[in-house]
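Novice: Quick one: this structure, given as structure tokens, is what I'll be asking you about.
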Amino acid sequence: MRYSKKIRLVNQLGMHLKAAAAFVMTAEKFKSDIKIKYNNIVADGKSIMSVLGLGATYKSKIEIIAEGVDAREAIMKLEELIKNKFGEKQ
Amino acid sequence: MMYKGQPASPGIIIGKIFVISKDIKLPQSEKIKSSNVENEISRLKQAIEKTKQDVLLIKEKIISDIGNKDAGIFDAYILFLNDRSFVDKISKIIKDENVNAEYALNKLLEDYIKLFNNISNSYLKEKIVDIKSLFEKIVKNLSEESSELFPKKGKWVIVAQELSPSDTAEMDKKNILGFITETGGVTSHTAIVARSLEIPAVVGLKNITQQVKKGDLVIMDGEKGIVIINPDTNTLEAYKKERLKYLIKIKMLKKLKKLDAVTLDKHKIILNSNIEFPEEVAVAKEHNADGIGLVRTEFIYINRTNLPTEEEQFLIYKSIVEKMAPKPVTIRTLDIGGDKFLPYFKISPEQNPFLGLRSIRLSLSNPSIFKTQLRAILRASAFGNVRIMFPMISTVEEFIEAKNIVYEVMEDLKRKKISFDEKINIGIMVEVPSAVIMADELAKKADFFSIGTNDLIQYTLAVDRGNANVAAYYNPLNPAVLRMIKKTVESAHKNFKHVSVCGEMAGEPHLAFLLLGLGVDELSVSPASILQVKKLIRNINFRDAFEVAETVLKFEKTEEIKEFILTRIKSYLLNK
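Going down the list, the sequences are from chains A and B.
If you're matching positions, the first sequence starts at 21 in our numbering and goes up one per residue.
If you're matching positions, the second sequence starts at 342 in our numbering and goes up one per residue.
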């Protein structure tokens, strides 16, 4: 199974270290391969180095791509995380 | 070599220097033999392992010290250190370029710095510090001296670029004689910690870490902001005498700690402390202040990116109140606008911010922010003796409106069965001339007055004291100001209410003398000034202060008043 979704970052800090950590920790819960596409760069969603290297900012649109048995659920959870601003206040 | 920085905490000390260097020294690309590549990689892996353990330890310490909230960053560090591609990438740089691990780490960090610098969004840009700080920890662990980050034995003057709360938390205080830092001002973390530990500090000495090395002899005078590195014999001898004089002065002042602020003719003055930071409560207590006369709550709101929650505020107020109980703590509601602003809470630009939407006006026009603060204060009132104070009240109806909001919040707390002090005292700052003129009426409704002399002088004399062109007009001894204070005191006393003074005026001994003469019941001064003001009070007769005040109220010129007070106070103090 392969699912993908474009989502806008709504936390003001963008993809900083803590946010990237939250993303990776969520992604690691799934068996699927998870990638993030931003500005034509593709990052490994389970590597914090890679996610951080995107330099994705507030309001920018990223695409999450999941491939594997639990791809659909993975996308759902990751979307929820981003919409909840990675648990940040703003 | 003598340097002049900003005085941040008083005291004279002579000691040896300990430099805390957190700089990643940009290592030259140190070439290594290809046979050493494996060695270098295993050195890297060890440093990463060691850093992991360090991070876990700090995380545990932080969780046990302040709870779970700020520990998230450490999870991110661990994730990063565990990331396979991290080790792989650094190892690849070592292998491909035959360079040492420090250089390889720095190269990767530079990539991140470049990436983040290219981003126009400043929020993310600033967050590079998180990554930097992690890389610094690893580089530190690569070097053998890592165990010597902070002094373990002996006594040292710490020299650093700047000290973070986690640095000062990790240091063993008994090894520290003083602090010298490159950055920071009087309100920096270093300065506050130094004052609460009562050790000297000089801040804002640019490049000082480059000028000194471990073991250099240093003289520092925290009151004047002077730092002398490797002094000659004459200077050293001179400062040994200065230090002795200072120690005697401190010893004399410390004797006053446990004594009351009573005049020679047995008139008790209530001597309170102002608090700008929670750390200052310890000093206030140590110097036996009669209470906290003013908690400047702005510190909770600044240096952050969003409004503090009720819970956050409650915990801070509660901790101050509990530490001071049963002594009273007067908490002033948010006093921003004018020249103090919050980056995350913008008000539209104004022509005259000091005559604009500031202080209580801002609270009244943003009821939700105001109510959140009031709820936190009221909840804290269940744990000690709390008073609420509104800043910059200028009309009677404004005070009634603010008080009604307090009652509204009280009703809500009652419904939810949350306890608070139902008889809490509610008072006002008198700092606008209209409040002085209406003081008779306000005194019937307020439980106490506190005169904010800085603003009262500025509004009475229509002078901005920050403006050099007119700064000379700003004078606390202006007869109009003294009559304002006298009128405020009379109105309060007619209604059996206390008057406190919490501006800078109260901390100057000769001005404090005059204030007492004018009938002020309480003085609230910065923690560092308590003992000096107490010394003054214990050496004067209230009767004399009263007479001097009566006399100067008849004068019409500022200069006359000043001269008269200075001569009189000198003769009183000399005769004692």
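Every residue, glycine too, gets a C-beta built ideally from N, C-alpha and C.
Exposed or buried, what is B:Ser488 when buried is set at 16 or more other beta-carbons lying within 10 Å of its beta-carbon?
Specialist: In this prediction, B:Ser488 has a pLDDT of 48, which is less than 50 and means its spatial position is unreliable; nothing more can be read from the coordinates.
Novice: Below 9 Å on C-beta distance, what does A:Lys38 contact in chain B?
Specialist: Gly413, Ile414, Asp416, Ala417, Lys468 and Asp471
Novice: Using a Cβ-Cβ distance cut-off of 8 Å, determine whether B:Asn647 contacts chain A.
Specialist: yes
Novice: Within 10 angstroms of its Cβ, does A:Glu99 collect 16 or more other Cβ (buried), or is it exposed?
Specialist: exposed
Novice: Have a look at B:Ile616 and B:Val622 and give me their C-alpha separation to the nearest angstrom.
Specialist: 7 Å
Novice: Sorted by chain position, which residues of the same chain lie with C-beta nearer than 6 Å to B:Ala445's C-beta, five sequence neighbours on each side aside?
Specialist: Ile431, Ile434 and Ile435
Novice: Would you say B:Asp762 reaches chain A, if we count a Cβ-Cβ gap shorter than 8 Å as a contact?
Specialist: no
Novice: Report buried or exposed for B:Val498, applying the criterion of at least 16 other Cβ atoms within 10 angstroms of its Cβ.
Specialist: buried
Novice: Please tell me whether B:Asp762 and B:Val727 are closer than 8 Å, where the distance is taken between their beta carbons.
Specialist: yes
Novice: Alpha carbons only, please: which of B:Phe837, B:Ala442, B:Ala625 and B:Thr524 is nearest the one belonging to B:Ser484?
Specialist: Looking at the Cα atoms, B:Ala442 is the closest of the given residues.
Novice: Using only alpha-carbon positions, find the residue among B:Asn795, B:Asn766, B:Ala803 and B:Ser775 that is nearest to B:Lys786.
Specialist: Answer by Cα proximity: B:Asn766.
Novice: Using a beta-carbon distance below 8 Å, is B:Tyr464 in contact with chain A?
Specialist: yes
Novice: With burial defined as no fewer than 16 other Cβ atoms inside 10 Å of the residue's Cβ, what is the status of B:Arg756: buried or exposed?
Specialist: exposed
Novice: What residues of chain B sit near A:Gly34, judged by a beta carbon separation below 9 Å?
Specialist: Neighbours of A:Gly34 across chain B, judged by C-beta separation under 9 Å: Ile460, Asn462, Tyr464, Leu465 and Lys468.
Novice: Does B:Ser488 come within less than 8 Å of chain A when only Cβ atoms are used?
Specialist: Low per-residue confidence applies at B:Ser488: pLDDT is 48, beneath 50, and the placement is therefore not dependable enough to give any value.
Novice: By the criterion of Cβ-Cβ separation under 8 Å, what are the contact partners of B:Ser867 in chain A?
Specialist: None at all; the shortest Cβ gap to chain A is about 33 Å.
Novice: By the 10 Å Cβ neighbour count, where 16 or more other Cβ atoms means buried, how is B:Ser350 classified, buried or exposed?
Specialist: Counting Cβ neighbours within 10 Å, B:Ser350 comes out buried, since at least 16 surround it.
Novice: Can you tell me whether B:Ser488 is helix, strand or coil according to DSSP?
Specialist: Reliability of the predicted coordinates at B:Ser488 is poor, the pLDDT of 48 falling under 50, and the value obtained from them is presented with this limitation in mind. It is helical.
Novice: From B:Leu635 to B:Ala847, what does the alpha carbon distance come to, in whole angstroms?
Specialist: 13 Å
Novice: According to the Cβ coordinates, are B:Phe618 and B:Ala666 closer than 8 Å?
Specialist: no
Novice: Taking only beta-carbon atoms, is B:Leu456 less than 8 Å away from chain A?
Specialist: B:Leu456 counts as touching chain A.
Novice: Which residues mark the beginning and the end of the alpha helix (DSSP H) in which B:Thr713 is found?
Specialist: Pro708 to Ala721
Novice: Along the chain, where does the beta strand (DSSP E) containing B:His839 start, and where does it finish?
Specialist: His839 to Val842
Novice: Which residues in chain A sit within 7 Å of B:Asp424, going by Cβ to Cβ distance?
Specialist: Ser67, Ile68 and Met69
Novice: Verify the CB distance criterion: does B:Leu420 have a CB-CB separation below 8 Å to chain A?
Specialist: yes
Novice: Counting only C-beta atoms, is A:Lys81 closer than 8 Å to chain B at any point?
Specialist: For A:Lys81, the nearest beta carbon of chain B is not closer than 8 Å to its own beta carbon.
Novice: Any beta carbon of chain A sitting closer than 8 Å to that of B:Ile643?
Specialist: no
Novice: A:Thr46 bridges to which residues according to DSSP?
Specialist: DSSP output for A:Thr46 lists no bridge partner at all.
Novice: Using a 10 Å radius around the Cβ and a threshold of 16 neighbouring Cβ atoms, would you call B:Gln394 buried or exposed?
Specialist: exposed
Novice: Whole angstroms are fine: how far does the CA of B:Ile710 sit from the CA of B:Asn384?
Specialist: For the sequence presented, residue 384 of chain B should be read as Arg rather than Asn. Looking at the two C-alpha atoms, the distance is approximately 53 Å.
Novice: Here's the rule: buried if 16 or more other CB atoms are within 10 angstroms of the residue's CB, otherwise exposed. What is B:Asp424?
Specialist: buried
Novice: Output the distance between the C-alpha atoms of B:Glu901 and B:Thr829, rounded to the nearest integer angstrom.
Specialist: 23 Å
Novice: Could you tell me which whole beta strand (DSSP E) segments of length 3 or greater appear in the stretch 37–88 of chain A?
Specialist: Counting only runs of 3 or more, we get 53–58, 61–64 and 81–87.
Novice: Is there at least one Cβ from chain B nearer than 8 Å to A:Met45's Cβ?
Specialist: Yes, contact with chain B.
Novice: Assuming B:Ile460 and A:Thr77 form a contact by the criterion Cβ under 8 Å, report the distance between their Cβ atoms to the nearest whole angstrom.
Specialist: Yes, they are in contact, since the Cβ atoms of B:Ile460 and A:Thr77 sit about 6 Å apart, within 8 Å.
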